[in-house]
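Residue numbers (the working numbering): 11 to 475. C-beta: ideal position from N, C-alpha, C; glycine also. Only a predicted model underlies this, so the values are computations on that prediction, with no experimental measurement involved. Here the structure comes first, spelled out in structure tokens, and everything after it is commentary.
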Amino acid sequence: MTRPKQRLTLPRIVRTTTPRSRATSSVSGGIVTSTVLALLVGLLVVAGPAAPAQADWYKPPVGITVNDPLGSKREKRAINRHVRRSIDSVMRRQKIRIASWNLRNDTIVDSLVAAHKRGVSVRVVVDRGNANPDNPNPGVDRLRRVLSRHGNATREPAMRSGVRRCVSACRGQRGIAHSKFFLFSQVGPTRWVVVNGSANLTDLAASHQWNDVFTTRGRRNVYDEFLRVFDQMYADRTRAQGYRVRQFQGLTTMFMPWTGSGTAGDPTMRELDRVRCWGATNTGDRRTRLKIAMTSWHGERGVRLARKVRRLYDGGCQVQIIYAVMGNEVLRLMRNGRRGPIPFRQLVQDPDGDGVYDRYLHTKVLTIRGRYAGQRGAFVTVNGSLNWTPVALASDEAVMRLRSKRVLEGYNRWIAAWYARAPRTRSVGSAVEGRRTTTSLRTTQVAPLGALVDGVDPYAKIQEH
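Here is the structure:
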């Protein structure tokens with residue numbers, strides 16, 4: 011007999027309009043456009059037409075897709091367009107499976123509706139906190155209505171469409187339904203497409219957040235593993251063995267909640283514990299290099315991970331960090347240690363000068379180049395939805411560990427570019443402890459989490475999930 015699921019209090023959803031942005035800024039003495047930043051990663055998705063009545067014929071590119079909330083309309087919507095074109099290219103009798111903490115994008119909803127009407131099985135999982143009477147979601151409501159019609163009841167069970175709103179983690183008793191992955195049995199000519207990363211399918215994710223996804227195709231074993239987890243989420247029942255880990259060629263999948271056998275310790279700490287700082291054969295100075303791009307890093311778990319990163323830095327590892335939200339003790343550990351401050355910068359922006367951050371980093375990426383798990387020349391990238399916070403371990407989360415030099419270098423170029431190139435912003439208030447009033451993120455802004463600046467909470471609009 012399972013215990014009833016518990017619901018966590020979620021942050022208030024704030025709907026914002028897109029402020030004006032600057033699309034260029036200095037990097038290492040030069041001018042770099044947002045298009046060039048996308049090229050640094052090595053992937054730009056070609057824009058397509060509006061959702062057609064019949065399927066498009068898109069071939070999703072393998073690899074990294076990122077968006078730029080400071081860029082052009084095309085650059086902002088790179089991830090949403092990638093997913094939407096994939097949806098539009100799924101033919102009759104195929105399957106679409108969407109796991110997104112939130113879904114607030116009319117174009118995506120239109121595409122899912124059109125797919126269902128042409129005979130595609132469309133199933134969607136969202137967190138109930140983002141679609142309920144207290145927080146209405148007209149797009150999800152419309153999708154639920156349409157997916158229940160148009161012959162859905164007469165389809166064979168495996169091909170029926172529907173929407174599931176999980177009260178907590180779909181596969182756990184607590185937490186939230188936080189995974190962000192999108193599965194397609196066939197997209198145009200391509201079978202078994204998996205898209206996994208930090209991006210919810212919302213307008214906000216495109217216009218106000220920096221996000222990433224990683225795409226695989228033609229790998230049925232990877233697709234099948236994601237599909238098994240999705241089916242468990244869609245059933246919305248607590249799993250005694252919440253944690254799943256599977257190894258494939260060059261890729262490992264990990265799914266939370268962190269429950270069941272094999273869950274001693276912490277999954278992120280396991281990655282960091284495999285690192286040794288000296289003796290790398292794939293770095294110029296033989297030091298292992300870590301780059302971190304993290305939305306939320308706080309709480310007891312965040313402090314433990316920060317202590318580990320501090321020990322690695324003091325032990326000789328080279329570390330570079332961009333982030334959106336850090337707890338005060340995490341910030342203290344970043345600043346203070348034997349080697350001095352760890353290189354870290356906050357990637358947020360307040361373009362209208364009201365004291366509240368409107369744009370912010372939303373990725374959850376760790377890269378390791380050097381000594382890892384007994385290898386002296388490893389290239390490791392961890393992406394997905396897992397923040398460095400306590401609630402993440404109780405939630406539905408999807409993580410990929412990718413063993414590829416090309417993937418690591420793509421993410422590293424992107425992180426380094428945003429570390430060097432700071433969005434322009436006006437002052438966000440008078441100076442407080444550990445913070446400068448500045449018009450540029452070239453200096454780290456570290457307004458304490460939970461503190462008010464001139465009576466304003468700078469983090470009021472940040473959706474950590």
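Exercise for the section: Check whether the region 173 to 192 touches the region 295 to 314, taking contact to mean three or more Cβ pairs, one atom from each stretch, closer than 8 Å. Expected result: These segments do not touch.
Exercise for the section: Evaluate the contact criterion for the region 192 to 202 versus the region 175 to 182: three or more CB pairs, one atom per stretch, below 8 Å. Expected result: Output reads no: the region 175 to 182 does not touch the region 192 to 202.
Exercise for the section: Could you pull out every unbroken beta strand (DSSP E) segment of at least 3 residues lying fully inside the region 288 to 343, listed in chain order? Expected result: 299 to 307 and 328 to 336
Problem - Completely contained beta strand (DSSP E) runs for the region 115 to 145, where each covers 3 or more residues - result: Those beta strand (DSSP E) runs which fall completely within the region 115 to 145 and span 3+ residues are 131 to 137.
Handout entry: Which listed residue (R91, D360, R159 and N77) has its alpha carbon closest to that of S5
Key = With the chain represented from 11 up to 475, any question about residue 5 goes unanswered, as that position is not in the structure.
Problem - Of the residues R91, R103 and D144, the one placed nearest D120, counting alpha carbons only - result: R91
Handout entry: Burial state of G252 (16 or more Cβ within 10 Å)
Key = buried
Exercise for the section: Taking I97 as part of the alpha helix (DSSP H), name the residues at either end of that continuous run. Expected result: A88 to D98
Problem - Pairwise C-alpha distance: R369 and Q104 - result: 37 Å
Handout entry: Length at least 3, wholly inside the region 208 to 274: the beta strand (DSSP E) runs in chain order
Key = 222 to 226, 254 to 258 and 261 to 266
Problem - Limits of the unbroken beta strand (DSSP E) element including N393 - result: Q385 to G394
Exercise for the section: Could you give the DSSP three-state label for M169: helix, strand or coil? Expected result: Correct three-state label for M169: helix.
Problem - Cβ neighbour criterion (16 or more within 10 Å) applied to A245 - result: exposed
Practice task
To the nearest angstrom, report how far apart S171 and P277 are at their CA atoms.
Solution key: 34 Å
Exercise for the section: Locate the beta strand (DSSP E) running through A408, then write down its first and last residues. Expected result: Note, A408: beta strand (DSSP E), E407 to L412.
Problem - Reduced DSSP category for G363 - H, G, I as helix; E, B as strand; rest coil - result: G363 sits in coil when the DSSP states are folded into three classes, being neither helix nor strand.
Problem - Where F258 falls, given that 16 or more other Cβ within 10 Å makes a residue buried - result: Its Cβ having fewer than 16 others within 10 Å, F258 is exposed.
Practice task
Could you tell me the distance, in whole angstroms, from the CA atom of V100 to the CA atom of R342?
Solution key: Taking the Cα positions, V100 is about 49 Å away from R342.
Exercise for the section: Whole angstroms is fine: what's the gap from V150's alpha carbon to L403's? Expected result: 27 Å
Handout entry: Exposure of T164, with buried meaning 16 or more beta-carbon neighbours within 10 Å
Key = With fewer than 16 other Cβ atoms from the protein chains shown falling within 10 Å of its own Cβ, T164 counts as exposed.
Practice task
Confirm, please, whether the CB-CB distance from T226 to A408 is below 9 Å.
Solution key: No, they are not a contact pair.
Problem - Where V156 sits in the DSSP three-state scheme - result: helix
Handout entry: For A402, the residue or residues it bridges with in DSSP
Key = A402 is not bridged to any residue.
Practice task
Measure the C-alpha to C-alpha separation of I74 and D222 and round it to an integer number of angstroms.
Solution key: 7 Å
Practice task
Helix, strand or coil for I425, going by three-state DSSP, please let me know.
Solution key: helix
Handout entry: Range covered by the beta strand (DSSP E) that runs through T373
Key = Looking at the DSSP string, T373 is not in any beta strand (DSSP E), and its letter there is neither H nor E.
Problem - Proximity of V329 and P353 at Cβ, strictly below 9 Å - result: yes
Handout entry: Backbone secondary structure at K415 - three-state DSSP
Key = helix
Practice task
Measure the Cβ-Cβ separation of T248 and R181 and say whether it is below 9 Å.
Solution key: Judged by beta-carbon spacing, R181 lies within the 9 Å limit of T248, meaning their Cβ atoms are closer than that value.
Practice task
For L396, decide whether its Cβ has a neighbour in chain D, counting only Cβ atoms nearer than 9 Å.
Solution key: In the structure shown, chain D cannot be found, because there is only a single protein chain.
Problem - In DSSP terms, what I186 is bridged to - result: In DSSP, I186 forms no bridge with anything.
Handout entry: 8 Å Cβ shell around V232 - same chain, five flanking residues per side excluded
Key = W202, V204, T226, F258, L261 and T263
Exercise for the section: Determine, using beta carbons only, whether N346 and T373 come nearer to each other than 9 Å. Expected result: no
Handout entry: Bounding residues of the beta strand (DSSP E) (the contiguous stretch that carries T487)
Key = No answer is possible for residue 487: it lies beyond the span of the chain, which begins at 11 and ends at 475.
Practice task
Can you tell me which of the three DSSP states V150 falls into?
Solution key: helix
Practice task
Could you please give the first and the last residue of the uninterrupted beta strand (DSSP E) stretch that includes R107?
Solution key: K105 to S110
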